[in-house]
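Colleague: In terms of this note's numbering, the sequence shown is residues 1373 to 1712. Think of the CB as a built atom: it goes at the ideal place given N, C-alpha and C, for glycine as much as any other residue. Since this is a predicted model, take the numbers as computed values, not measurements. Take this structure, written in structure tokens, and hold onto it; I'll ask about it next.
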Amino acid sequence: MLAYFGEIKLAVFYLLEKTHLNIVLSETMESNFLNSFSLKSLVVVSLLTAFSQVSLGGFVRVSESGLGCPDWPLCHGELIPPFEYHTMIEYSHRLTGTVLGVFIILMVTVVLFKYRHSRDLLILSICSLILVIFAGILGGITVVTELVWWIRLIHLGIAQALIAILTVLTGFLFLPYGIEIPYKLFKQRKKEIVYILVTIYLLILSGSYVVGTGASAVCTSWPLCQGFSLPWKEIYVIHMLHRYIAAIALLGMLFTTIKWLKTHNLSPRLKKALHSLFGLIAVQIIIGAIIIFTEFHPHIKAFHLSIATLVWIAAVYLSFVIYKAYPEKKNNDFKLHSLN
């Protein structure tokens, strides 16, 4: 009898060890699976895909391919549409959006499994998922309503908001620590962030508004419009307001850049961010002028939107760097700290 109970005891111990081993193996396999999808890689790839998505959207618009797929979510009632020029342009735009959605779902999955303790990563990743869903739905509504301009405007606004979140996520992952800035600039940083983001966002949306209202080609000269700084007709005013917002953005960034670069011992990271944003705004204005001189060439118009998106990424990145900054220690504080 004792021998019988001894065998049962050994069998129970064997099962417990086997179960523990399976649990450990399961956890190890799950960890390897999640590590294979590095969060940094997923965020960067998602940002690049989102940029490509917006750029393709601009090309869809200037090539008049918005109705290349007249239905949604299928294209000409098929999963794989016919190989026609306008159809393939619109289908490529949709396909890129699908790929972006897959990347963001993977990103959210990794955050939920491995980084759910990080409130910032959790909120930002979930917001990105919500925005990509809304962007997809609005893309379908745009097609169903046959390209109503104000829906396209909202669609672009959501896409740029998604890019902003992905840029901030990239900053959190690659730049976990802030930089030291003078206390005076630290006190002003919130005003700087609001000015930068609002101005650049309005610049992008005003450009879409100009195209949507048919005002993009009404001014055939630059920098004035038909020889006037502010023509009297509404359609000319719409076009010129976009130019004026661009000028305000450039002058504002010039003032901000000079003010911050005057500061001693400014972080190289902040210097690069300031130079990048100011340079991209200047390039964007030059491309805007080239559009006029090339008689509104569609490829240059599409390139104009791509550069505008890069300007937006640079603006969000600069704002993130400023937001994460902390005030430098005063000399007295440093001395006291040294004495202690």
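1) If we ignore side chains and look at the alpha-carbon of each, how far apart do Gly-1543 and Lys-1562 end up?
2) With DSSP collapsed to three states, give me the class of Glu-1606.
3) Using 8 Å as the threshold, is the C-beta distance between Ile-1565 and Ala-1697 below it?
4) So for Leu-1397, helix, strand or coil by DSSP?
5) Name the residue from Leu-1574, Ile-1694, Gly-1624 whose alpha carbon lies nearest to the alpha carbon of Thr-1681.
6) Taking the DSSP output, what are the residues bridged to Glu-1436?
7) Nearest to Ser-1424 by alpha carbon, out of Leu-1557, Val-1416, Thr-1468?
8) Looking at the structure shown, is Glu-1450 part of a helix, part of a strand, or coil, going by DSSP?
9) Hey, how far is the Cα of Tyr-1608 from the Cα of Pro-1670?
10) Quickly, what does DSSP pair Cys-1499 with across the bridge? List them, please.
11) If you reduce the DSSP assignment to three classes, tell me which class Phe-1692 lands in.
12) So what's Tyr-1463 in DSSP terms, helix, strand or just coil?
13) Measure from the alpha carbon of Ser-1341 to the alpha carbon of each residue in Leu-1538, Leu-1510, His-1527, Ser-1490, then state which is nearest.
14) Taking 8 Å as the limit between beta carbons, can you name the residues of its chain near Arg-1641, skipping five residues before and five after?
15) Check whether the stretch 1513 to 1525 and the stretch 1425 to 1441 are in contact - that is, three or more C-beta pairs closer than 8 Å.
16) Round the Cβ separation of Leu-1411 and Leu-1545 to the nearest angstrom and send it over; I've been treating them as touching at under 8 Å.
17) Give the DSSP-derived three-state secondary structure of Tyr-1487 in the structure shown.
18) With a Cβ-Cβ cutoff of 8 Å, do Ile-1476 and Ser-1418 count as a contact?
19) Note down the Cα distance separating Val-1416 from Leu-1541, rounded to an integer number of angstroms.
20) With DSSP as the reference, please indicate the residues paired to Ile-1553 in a beta bridge.
21) Let me check understanding here. Comparing Cα to Cα, which of Gly-1473, Val-1471, Val-1474, Leu-1496 lies closest to Val-1483?
22) Going by DSSP, what residue range makes up the alpha helix (DSSP H) through Val-1540?
23) Exposed or buried, what is Trp-1521 when buried is set at 16 or more other beta-carbons lying within 10 Å of its beta-carbon?
24) Could you compute how far the alpha carbon of His-1458 sits from the alpha carbon of Val-1432?
25) Out of Glu-1700, Ala-1674, Ala-1645, Trp-1684, which has the shortest C-alpha to C-alpha gap to Ser-1435?
26) Between Ser-1593 and Gly-1599, which are expected to be in contact by the criterion C-beta below 8 Å, what is the C-beta distance as a whole number of angstroms?
27) To which residues of the same chain is Val-1655 closer than 8 Å at the C-beta, ignoring the five residues directly before and after it?
28) Mind reading off the beta-carbon distance from His-1614 to Gly-1579? Whole number of angstroms is fine, and I expect it under 8 Å.
29) Would you mind working out which of Asp-1443, His-1527, Ile-1505, Tyr-1581 sits nearest Ile-1617, comparing C-alpha positions?
30) Could you tell me the alpha carbon to alpha carbon distance between Leu-1406 and Ile-1498, rounded to whole angstroms?
31) Since Ala-1621 contacts Ile-1672 with CB under 8 Å, what's their CB separation in whole angstroms?
32) Throw me the rounded Cβ distance for the Ala-1687 and Leu-1649 pair, which I believe falls under 8 Å.
33) Three-state secondary structure (DSSP) at Trp-1444?
34) Classify Val-1683 as buried or exposed, calling it buried when 16 or more other Cβ atoms lie within 10 Å of its own Cβ.
Modeller: Short version:
1) 18 Å
2) helix
3) no
4) Residue placement at Leu-1397 is poorly supported in this model, since its pLDDT is 34, which falls under 50; the coordinates still yield a value, given next. It is helical.
5) Leu-1574
6) Paired residues: none, contrary to the question.
7) Thr-1468
8) strand
9) 20 Å
10) In DSSP, Cys-1499 forms no bridge with anything.
11) helix
12) helix
13) Since the first residue shown for the chain is 1373 and the last is 1712, residue 1341 is missing from the structure and cannot be characterised.
14) Leu-1547, Ile-1551, Val-1693
15) yes
16) 7 Å
17) coil
18) yes
19) 9 Å
20) Pro-1699
21) Leu-1496
22) 1521 to 1546
23) exposed
24) 8 Å
25) Ala-1674
26) 7 Å
27) Ile-1679
28) 6 Å
29) Tyr-1581
30) Bear in mind that the predicted position of Leu-1406 carries a pLDDT of just 43, short of 50, making it too unreliable to give a figure here.
31) Rounded, the Cβ-Cβ distance is 20 Å, inconsistent with contact.
32) 6 Å
33) coil
34) buried
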